[in-house]
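Right, one structure below, let's go through it.
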Amino acid sequence: MVTSKITPLNTSGDPVVEAAKLVFCEMGYRASIDKVAQRAGVARQTIYNRFGSKQALFELTIELCIAEMLAPLTVDEGTVRERLMRFALSFRARIMEPESISAHRVLTTEAPRFPDLARRHFELCIERTTKQLALTLETAMQEGGLIQADAFEAAAYLLDTLSGYDRLKMFFGGEPPDPAGEEAKVGRLVDRFLRAYRPC
909 MVTSKITPLN TSGDPVVEAA KLVFCEMGYR ASIDKVAQRA GVARQTIYNR FGSKQALFEL
969 TIELCIAEML APLTVDEGTV RERLMRFALS FRARIMEPES ISAHRVLTTE APRFPDLARR
1029 HFELCIERTT KQLALTLETA MQEGGLIQAD AFEAAAYLLD TLSGYDRLKM FFGGEPPDPA
1089 GEEAKVGRLV DRFLRAYRPC
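Residue numbers (the numbering used here): 909 to 1108.
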């Protein structure tokens, strides 16, 4: 049974956090606190006084991005399809952002040099997203909207379906998906998932 739960964060709009998101996406973890301070218009020591360390600030920016992306899953209104559509559109919008692709490239490159940081990023980002989506799917299974199955495995399958080719294409320099066709495409992907997990 999946037991993870997202705790809402209240730092959205904070100038230091917003600056950190931009700087870390551009330069990765190697970015200095001085760069963040310059972008935020604050003193370097102010950041250390508030957040303690660069790693703590880095992890906070990741958590904030994930919380924003997962917000649609906290809305209980609508059918299973409607809830998954809200999440899927939010998820793809986030992971297809140029900043997200840039950050992923940087983290992939730096993972061998910073294995602890890479593992923490995986826990905060990929694992946390999968667990939160699994909670939604597990509830739908208990309510009879989906077949009884491994909710975590189902969540991982859906996330792979939603990212897959399009994100890899961007990772290697390709163009992003056409926004005009995004909702229709997401609808097709979600419907295929629901057919695979439809109750007998």
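Heads up, the beta-carbon is just placed ideally off N, CA and C, and yes, glycines get one too.
Please read all numbers here as calculations on a predicted model, not as lab measurements.
If we call anything under 7 Å between Cβ atoms a contact, is residue i one with residue j?
i: Phe1101; j: Leu1066; result: yes
i: Arg1075; j: Ile1003; result: yes
i: Leu1043; j: Glu971; result: no
i: Leu981; j: Phe995; result: yes
i: Thr969; j: Ala928; result: yes
i: Arg952; j: Ala945; result: yes
i: Glu1018; j: Gly936; result: yes
Just tell me which of the options has its CA closest to the CA of residue i.
i: Arg947; options: Val931, Arg958 and Phe959; result: Val931
i: Arg1103; options: Asp1024, Phe1080 and Ala1062; result: Ala1062
i: Val1094; options: Gln1050, Arg991 and Arg1027; result: Arg991
i: Glu1035; options: Gly960, Leu978 and Ala939; result: Leu978
i: Ile1009; options: Phe1079, Val988, Ala1001 and Gln1050; result: Phe1079
i: Thr1069; options: Gly1053, Thr1038, Ile974 and Asp1024; result: Thr1038
i: Arg989; options: Val1098, Asp922 and Tyr1105; result: Val1098
i: Ala1088; options: Leu965, Gly936, Ala1001 and Thr987; result: Ala1001
i: Gly1052; options: Leu965, Cys1108, Ser1071 and Thr1016; result: Cys1108
i: Ser961; options: Ser940, Ala975 and Glu976; result: Ser940
Under a three-way DSSP split, which group does residue i fall into?
i: Gly1053; result: coil
i: Arg1106; result: coil
i: Val950; result: coil
i: Asp1099; result: helix
i: Glu971; result: helix
i: Glu1090; result: helix
i: Pro916; result: With a pLDDT of only 39 at Pro916, under the threshold of 50, the placement of this residue in the model should not be trusted; the figure read from the coordinates follows. In this structure, Pro916 counts as coil in the three-state DSSP scheme.
i: Thr987; result: coil
Can you grab the Cα-Cα spacing for the pair residue i / residue j, in whole Å?
i: Pro1085; j: Gln963; result: 33 Å
i: Cys933; j: Val1014; result: 8 Å
i: Asp984; j: Ala1048; result: 11 Å
i: Ile1055; j: Glu1005; result: 33 Å
i: Pro923; j: Tyr956; result: 14 Å
i: Asp942; j: Ala1059; result: 43 Å
i: Tyr1073; j: Gly1081; result: 12 Å
i: Arg1023; j: Val925; result: The residue you asked about is not Arg; residue 1023 is Pro in the sequence shown. Each residue's alpha carbon lies about 24 Å from the other.
i: Ala1092; j: Ala1026; result: 34 Å
i: Thr954; j: Ala1057; result: 49 Å
i: Pro1020; j: Gly986; result: 43 Å
i: Glu1046; j: Glu967; result: 28 Å
i: Leu1041; j: Ala1064; result: 9 Å
i: His1012; j: Val950; result: 27 Å
i: Ser1071; j: Thr1016; result: 17 Å
i: Cys973; j: Glu1083; result: 23 Å
i: Arg958; j: Gly921; result: 15 Å
i: Gln1050; j: Leu997; result: 24 Å
i: Thr915; j: Ala975; result: Residue placement at Thr915 is poorly supported in this model, since its pLDDT is 39, which falls under 50; the coordinates still yield a value, given next. Those two C-alpha atoms are separated by around 8 Å.
i: Lys1077; j: Glu1090; result: 16 Å
i: Ala993; j: Arg1028; result: Per the sequence shown, the amino acid found at residue 993 is Met instead of Ala. Going from the Cα of Met993 to the Cα of Arg1028 covers about 28 Å.
Report the residue ranges of all alpha helix (DSSP H) runs contained in full by the segment 998-1086; include only those spanning at least 4 residues, in chain order. With a minimum length of 4 residues, the continuous alpha helix (DSSP H) runs that stay inside the segment 998-1086 are 1006-1018, 1023-1029, 1036-1050 and 1059-1079.
Identify every run of the beta strand (DSSP E) within the segment 919-947, keeping only runs that are complete inside it and at least 3 residues long; order them along the chain. Listed in chain order, the beta strand (DSSP E) runs fully inside the segment 919-947 amount to none, counting runs of at least 3 residues.
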